[in-house]
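>
Numbering (the numbering used here), first residue to last: 2 to 296.
Following this line, the structure appears as structure tokens:
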């Protein structure tokens, strides 16, 4: 049984476990499951020899996340249409610069980049470069030599640098995009939006096969603008709510008090929109309207 100090030690670490777990798994529900599994393991462990509870909990939770990534039911071969990480509503207003930098690692573009890494590359990179854990601790967590962990982080850094997903787009630019996007839907005036789109713009929608949406990834301005012109007759009837999702200014579409979709964006270093992400999967929309501030 856990005594009061043991429970407090876990609760003190809970938010610090959820942040890395969500980034590793791309799902808030799965992250909560991983943290709960960690609590159960903590409950059944002889805590006498544990000198550093926070380090022990980080190790246990990270290993659980890696096991979940490797589980057969994580394979997405049967997933209908494009897969996107579960969106979460965040709260970064008033955060210092280092806090905003950390929030940038919640972006959909960053999480999708992590999906291209191996589970251990993902975990090693996050623990070292994002959460500043020492290589000695990471080696213990992953059951590897420190030299192997350094190689994992180096490979991950190279991939992430090439993808250019770790930069902050000014809030004013994001707000300008939201206004142009809503104008394109409400009035059909798409020229201001078109001017903000990269020539390599892509649009993807995740429904999980549960509700109607496009099943292919659209590429290029013409295809994206044609799609928006097609859906504006429905979207213009929704309630539009500006929100912060995964650290960026986004849109939530609601009908009769029910969230129907979320729309978020990725930008290049010059502020042009490179990706539009539409979440339609109702299973992944259920946790919006619960803003979170966490590591």
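By construction, the Cβ of each residue, glycine as well, lies at the ideal position given by its N, Cα and C atoms.
Keeping to the same chain, check which residues put their C-beta closer than 7 angstroms to that of residue 39; ignore five residues upstream and five downstream.
18, 58, 61, 62 and 65
> Pull the bridge partners of residue 207 from the DSSP assignment, please.
280
> Which term fits residue 53, buried or exposed, when burial requires 16 or more other beta carbons within 10 angstroms of its beta carbon?
exposed
> Which residues does DSSP pair with residue 163 in a beta bridge?
Residue 163 pairs with nothing; no bridge assigned.
> What do you get for residue 110, buried or exposed, if any count of 16 or more other CB atoms within 10 angstroms of its CB means buried?
buried
> Measuring straight from C-alpha to C-alpha, what distance separates residue 78 and residue 243?
33 angstroms
> Is it the case that the segment 121–131 contacts the segment 151–168, given that we only count it when at least three CB pairs across the two stretches are under 8 angstroms?
yes
> What's the call for residue 5, buried or exposed, on a 16-neighbour Cβ count within 10 Å?
exposed
> By DSSP, does residue 132 sit in helix, in strand, or in coil?
coil
> Does the structure place the segment 177–192 close enough to the segment 250–261 that three or more beta carbon pairs sit under 8 angstroms?
Judged by Cβ distances under 8 angstroms, the segment 250–261 makes contact with the segment 177–192, as three or more pairs qualify.
> Among 198, 185, 132 and 239, whose alpha-carbon lies nearest the alpha-carbon of residue 256?
239
> At what residues does the beta strand (DSSP E) containing residue 260 begin and finish?
259–268
> Does the segment 163–173 come into contact with the segment 32–51, if we say contact requires no fewer than three beta-carbon pairs (one atom in each stretch) closer than 8 angstroms?
no
> Along the chain, where does the beta strand (DSSP E) that runs through residue 245 open and close?
Counting along the chain, the beta strand (DSSP E) containing residue 245 begins and ends at 240–246.
> Does the segment 258–269 come close enough to the segment 186–194 to have 3 or more Cβ pairs within less than 8 angstroms?
As far as the Cβ criterion goes, the segment 258–269 does not touch the segment 186–194, which means the pair count is below three.
> So residue 83 and residue 112 are supposed to be a Cβ contact under 8 angstroms. How far apart are they, rounded?
That belief does not hold up - the Cβ atoms of residue 83 and residue 112 are roughly 14 angstroms apart, past 8 angstroms.
> Contact criterion: CB-CB distance below 8 angstroms. Does residue 11 meet it with respect to chain D?
In the displayed structure, chain D is absent; only one protein chain is listed.
> Report the three-state DSSP secondary structure of residue 44 (helix, strand or coil).
helix
> Would you give the residue range spanned by the beta strand (DSSP E) that residue 251 belongs to?
Annotation: the continuous beta strand (DSSP E) that includes residue 251 extends over 249–256.
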